[in-house]
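Peer 1: Those protein sequences? They're chains A and B, same order as listed. Position 5 of the first sequence, counted from 1, bears residue number 5 in our numbering, the numbering being contiguous throughout. Just remember that our numbering sits 116 ahead of the position in the second sequence, which is counted from 1.
2 protein chains.
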Amino acid sequence: MTTLQIVESTAAAACCTPSGMQVLGTEEAQGKARLFKALADPNRLRLLSIVKASDGGEACVCDLTEPLDLGQPTVSHHLKILVDAGLLHREKRGTWAYYSLVPGALERTADVLSAL
Amino acid sequence: MTTLQIVESTAAAACCTPSGMQVLGTEEAQGKARLFKALADPNRLRLLSIVKASDGGEACVCDLTEPLDLGQPTVSHHLKILVDAGLLHREKRGTWAYYSLVPGALERTADVLSAL
DNA sequence: CACTCATATTGACAGATGTCGATATAGAGG
DNA sequence: CCTCTATATCGACATCTGTCAATATGAGTG
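#1: Check whether chain A comes within 8 Å of Arg162 (chain B), counting only Cβ atoms and requiring the distance to be less than that.
#2: State yes or no: is the C-beta of Leu203 (chain B) within less than 8 Å of the C-beta of Ala156 (chain B)?
#3: Leaving out five residues before and five after Arg150 (chain B) in sequence, what residues of the same chain have Cβ atoms less than 7 Å from its Cβ?
#4: Could you please tell me which residues of the stretch 77-91 of chain A, in chain order, have their CB closer than 7 Å to any CB of chain B?
#5: Who are the Cβ neighbours of Leu229 (chain B) in its own chain at under 7 Å, not counting the five residues just before and after it?
#6: Decide if the stretch 212-219 of chain B is in contact with the stretch 172-185 of chain B; the criterion is three or more beta carbon pairs, one per stretch, under 8 Å apart.
#7: Please classify Ala115 (chain A): does DSSP put it in a helix, a strand, or coil?
#8: Going by DSSP, which residues form a beta bridge with Lys208 (chain B)?
#9: Quick one, are the C-beta atoms of Leu64 (chain A) and Lys148 (chain B) less than 8 Å apart?
#10: Take Gln72 (chain A) and list the residues in its own chain whose beta-carbon comes closer than 7 Å to its own, dropping the five residues that flank it on each side.
#11: Does DSSP put Asn70 (chain A) in a helix, in a strand, or in coil?
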């Protein structure tokens, strides 16, 4: 039975683990779980994938409804979750809403795993 | 409106995206979502973190119950989910069950994100 | 075998989540 | 102003999920 030190980085930036054995604190874990919750749905993964592969790196809702075979309200709902998670960026131009990957967001999420 | 090619890698290994614009297929997305589902809980993230930081890279249930402030059945339940997701390895020695990170599993999961 | 300790499984239940249909909002064009 | 068209929000519903208490399993020990 080893004693582990629990680290709660109160502020946002959880950078460069100092040293010693440290473990995710409750608050940190909640924040990171929120990120993975956003990724924990096949349709949302496909949304990210389609947006990433789209011309110009952006897509509007009407481009996303058909390939997912979901209703428009459902797609809007998933997009909102991805935006709230900081993974997608939303820009309204005229009647259309264009969604694009937040630069580096996926990479930062990947780093969370390596840094676990 | 751009036409995107949907790729369904029937077999397991989804390596080296050939070229062109490609998008996660339904089946692939489900499999990958299952992975992230396992990570989409703060207590499971803490479990991974504690196991990783533990002496010898392994911990038994009794080491994990207290820091999480959860009942033993609940911890067992979370551990099972992580094992089923291929993230943790379970080895029974005597009365105790020792859990350890599956080597490279977190890194492979991180790669899924970059490869989205 | 009887007893204990560590872990797993079961059943129940509250709360979260994904989906849809209906409706609201809001910009573009007549 | 009225009408499209694109998107967002709302309300409802079935399903999934995290948690616990109770119980089962199974190894070690007297």
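We treat Cβ as the ideally placed atom computed from N, Cα and C, and that holds for glycine.
Peer 2: Concretely, from the data shown:
#1: yes
#2: no
#3: Beyond the five residues adjoining it in sequence on each side, Arg150 (chain B) comes within less than 7 Å, by CB distance, of Ala201 in the same chain, given in chain order.
#4: none
#5: none
#6: Contact holds: three or more Cβ-Cβ distances are below 8 Å.
#7: Correct three-state label for Ala115 (chain A): coil.
#8: B:Ala213
#9: Lys148 (chain B) sits away from Leu64 (chain A), with the two beta carbons spaced by 8 Å or more.
#10: Taking Gln72 (chain A) as the centre and dropping the five residues before and after it, the same chain places the C-beta of Val61 and Thr65 closer than 7 Å to its C-beta, in chain order.
#11: The sequence as given places Leu at residue 70 (chain A); Asn does not occur at that position. Looking at Leu70 (chain A) - three-state DSSP - the assignment turns out to be coil, as it is neither helix nor strand.
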